[in-house]
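Structure first, commentary second.
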Amino acid sequence: MAEQSIKSLFAAAEEKRRALEFSPFPSQDPANQKILAAALSNYVKCLDLANRLSLFSPNETLEDLNSGDIQYLLINYHLAGLISRIDNLQKRKHVLEESRDEYENFLSLLDRYELLSGPAKKSYNRYLESPTTFETVPSKDLAFLSQNPSYLQNDEEAVRELQLANIACCTIEAFEQLDMIVRELKIFSTKPSTPPSGQLQLEKDDRERGRDKSAYSEKLDSYSSRTSKARLRYDATLNVHKLGGLLTLLATNDRMTLQDGVFGSSIGPPTMTMEELLEHDRATGKIIEGGGAASGLPEEPDEDNYEKGDAETYKARKWDEFVEENPKGSGNTLNRG
5 MAEQSIKSLF
15 AAAEEKRRAL
25 EFSPFPSQDP
35 ANQKILAAAL
45 SNYVKCLDLA
55 NRLSLFSPNE
65 TLEDLNSGDI
75 QYLLINYHLA
85 GLISRIDNLQ
95 KRKHVLEESR
105 DEYENFLSLL
115 DRYELLSGPA
125 KKSYNRYLES
135 PTTFETVPSK
145 DLAFLSQNPS
155 YLQNDEEAVR
165 ELQLANIACC
175 TIEAFEQLDM
185 IVRELKIFST
195 KPSTPPSGQL
205 QLEKDDRERG
215 RDKSAYSEKL
225 DSYSSRTSKA
235 RLRYDATLNV
245 HKLGGLLTLL
255 ATNDRMTLQD
265 GVFGSSIGPP
275 TMTMEELLEH
285 DRATGKIIEG
295 GGAASGLPEE
305 PDEDNYEKGD
315 AETYKARKWD
325 EFVEENPKGS
335 GNTLNRG
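The working numbering puts the first residue of the sequence shown at 5, with every later residue one more than the last.
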C-alpha cells in the first residue's frame, strides 16, 4: 500500500476533528472516543511526515513557506486540543502535560516564523519566564474562518491571508488553553497521591482485624450494628419466654445509661403533684369556674349573714331616697340638649 500524502492525512484528520466538534454527544462518549483516537492517529502521522520531509526548516522565513503548507503549522495545535479531550481520569495529569507540550511546540514554531507579534508575543514571553504560574486574561472567542478551496484556488494571496488569520485565532486559543492547563496542573500538584485501590483495601482489612470488638468506645454504633444487636436481644427474649423465664425486652445496648440520661442537664424533674398544680392554677386564676345557665339565676340570700343583709338594706334605702329627691322629668324641664 502506497504511503498517503500529508495532504490526504491532514484532510482525514480535519474531517474527524470536525465530526467530534459538531457531535451532539459529549467527548466522553465511547463513540466519540473512537473518533478522537482516529483523529489523533492521523495528526501524529501528519506530524511525523512533516518532520521527515523537513517541511518547516529552521533556516527559512514565512516568505519561503508555500501557501499550501501554512495550514500544517496547526498540526501541534490540533494535537494539543484533542489530547486534552482524552477520557482518562487516572492519567489526567499525564494527559494535561502532553497537551501542554504540544501547545509549547505550536507556539515555538510560530515564534520561529515570527508569527507572534504584539500581545501574543508578550504572552509567549511571560509563559517562557514562568510556565507553571502563567495566567492570561480571558478574551472573546474568535470564530474560525471557513475554508473554501474552490473559491480561493485562483487567489494565492487570499489563501495566504486566510491561513494566517486562522493561525492568529488559534494562537489566542492556545494561550487560553495553556492557562487552563496550568491551573489544573496546580490542583494536581497540591492533591495528595492516592494509593492503589488494592493497597487501600488491604490496609483497611488489617485495621479491621486488629480492632478489638469488645473494647470500650465512645463512638456511636452504626445502624447495622444496632439493628443486629437488637435482633439478637429480641431472639434471646423469645427463647427465655418459651422456657418460662422472665426477661425484659430491650432494643438498646445499655438501658441504664439511657435511663440516667433522661434527667440530664437543662432538664428539671417535677416538683409538685398534679393535684398541687391544679390548686395553684385555680388560685392564680388560670382555671375559670362557673358559667352556663346556672350563672344567670339570682343568688339565694343567706339569712345568717347579718352584715351582708344590713349592707343590702342600706343600699336599697339610699336608692329610694335618691328617687324621691329626683323624680322622673324634673331634671331637664326646658328640654335642652
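Think of the CB as a built atom: it goes at the ideal place given N, C-alpha and C, for glycine as much as any other residue.
Self-check item: Own chain partners of His124 with C-beta closer than 6 Å, once the 5 adjacent residues on each side are dropped
Solution: It should be noted that the sequence gives Ala, not His, for residue 124. Closer than 6 Å at the Cβ level, and outside the excluded window around Ala124, lie Thr175.
Quiz item: When the Cα atoms are used, what is the spatial distance from Glu64 to Ile74?
Solution: Between Glu64 and Ile74, the C-alpha separation is close to 13 Å.
Quiz item: Can you find at least 3 beta carbon pairs, one from the segment 173–189 and one from the segment 103–120, that sit closer than 8 Å?
Solution: Three or more pairs of CB atoms, one per stretch, sit closer than 8 Å, so the segment 173–189 contacts the segment 103–120.
Quiz prompt | Span of the alpha helix (DSSP H) around Gln37 | solution = Counting along the chain, the alpha helix (DSSP H) containing Gln37 begins and ends at 34–56.
Practice problem: Going by CA-CA distance only, name the one from Phe192, Glu311, Lys126 that's closest to Val99. | Solution: For Val99, the closest of Phe192, Glu311, Lys126 by C-alpha to C-alpha distance is Phe192.
Quiz item: Which whole-angstrom value describes the C-beta separation of Leu40 and Lys97, a residue pair presumed to lie in contact below a C-beta threshold of 8 Å?
Solution: At roughly 19 Å, the Cβ-Cβ gap does not stay under 8 Å, so Leu40 and Lys97 are not in contact.
Quiz prompt | C-alpha distance - Gly335 paired with Trp323, whole-angstrom precision | solution = Approximately 17 Å, taken between the alpha carbons.
Exercise. Tell me where the alpha helix (DSSP H) around Phe14 begins and ends.
Key: Where Phe14 is concerned, the enclosing alpha helix (DSSP H) starts and stops at 10–25.
Quiz item: Where does Phe60 sit, in a helix, a strand or coil, going by DSSP?
Solution: Coil, per DSSP.
Self-check item: The alpha helix (DSSP H) enclosing Glu101, as first and last residue numbers
Solution: 96–116 is the extent of the alpha helix (DSSP H) around Glu101.
Exercise. Using the Cα positions of Ile292 and Leu282, report the straight-line distance between them to the nearest angstrom.
Key: Here the C-alpha atom of Ile292 lies approximately 12 Å from the C-alpha atom of Leu282.
Quiz prompt | Assigned secondary structure, Thr241 (DSSP; H/G/I helix, E/B strand, else coil) | solution = Any answer about Thr241 is weak, because its pLDDT of 46 lies below 50 and its placement is not dependable; what the coordinates show is given next. Correct three-state label for Thr241: helix.
Exercise. Tell me whether Thr194 sits in a helix, a strand or coil according to DSSP, three-state version.
Key: Residue state, collapsed to three classes: helix.
Quiz item: Taking 7 Å as the cut-off, does the CB of Cys173 come closer than this to any heavy atom belonging to the ligand HEM?
Solution: Although the ligand HEM was asked about, the structure shown includes no ligands whatsoever.
Quiz item: Beta carbon of Arg104, beta carbon of Ile185: below 8 Å?
Solution: Using a Cβ distance threshold of 8 Å, Arg104 and Ile185 count as a contacting pair.
Exercise. With DSSP collapsed to three states, give me the class of Arg89.
Key: The answer is coil: DSSP assigns Arg89 none of H, G, I, E or B.
Quiz item: How is Gly382 classed by DSSP in three states: helix, strand or coil?
Solution: For residue 382 there is no data in the structure shown, the boundaries of the chain being 5 and 341.
Practice problem: Just the C-alpha distance for Asp52 and Leu93, rounded to the nearest angstrom, thanks. | Solution: Linking Asp52 to Leu93 through their CA atoms gives a straight-line distance of about 28 Å.
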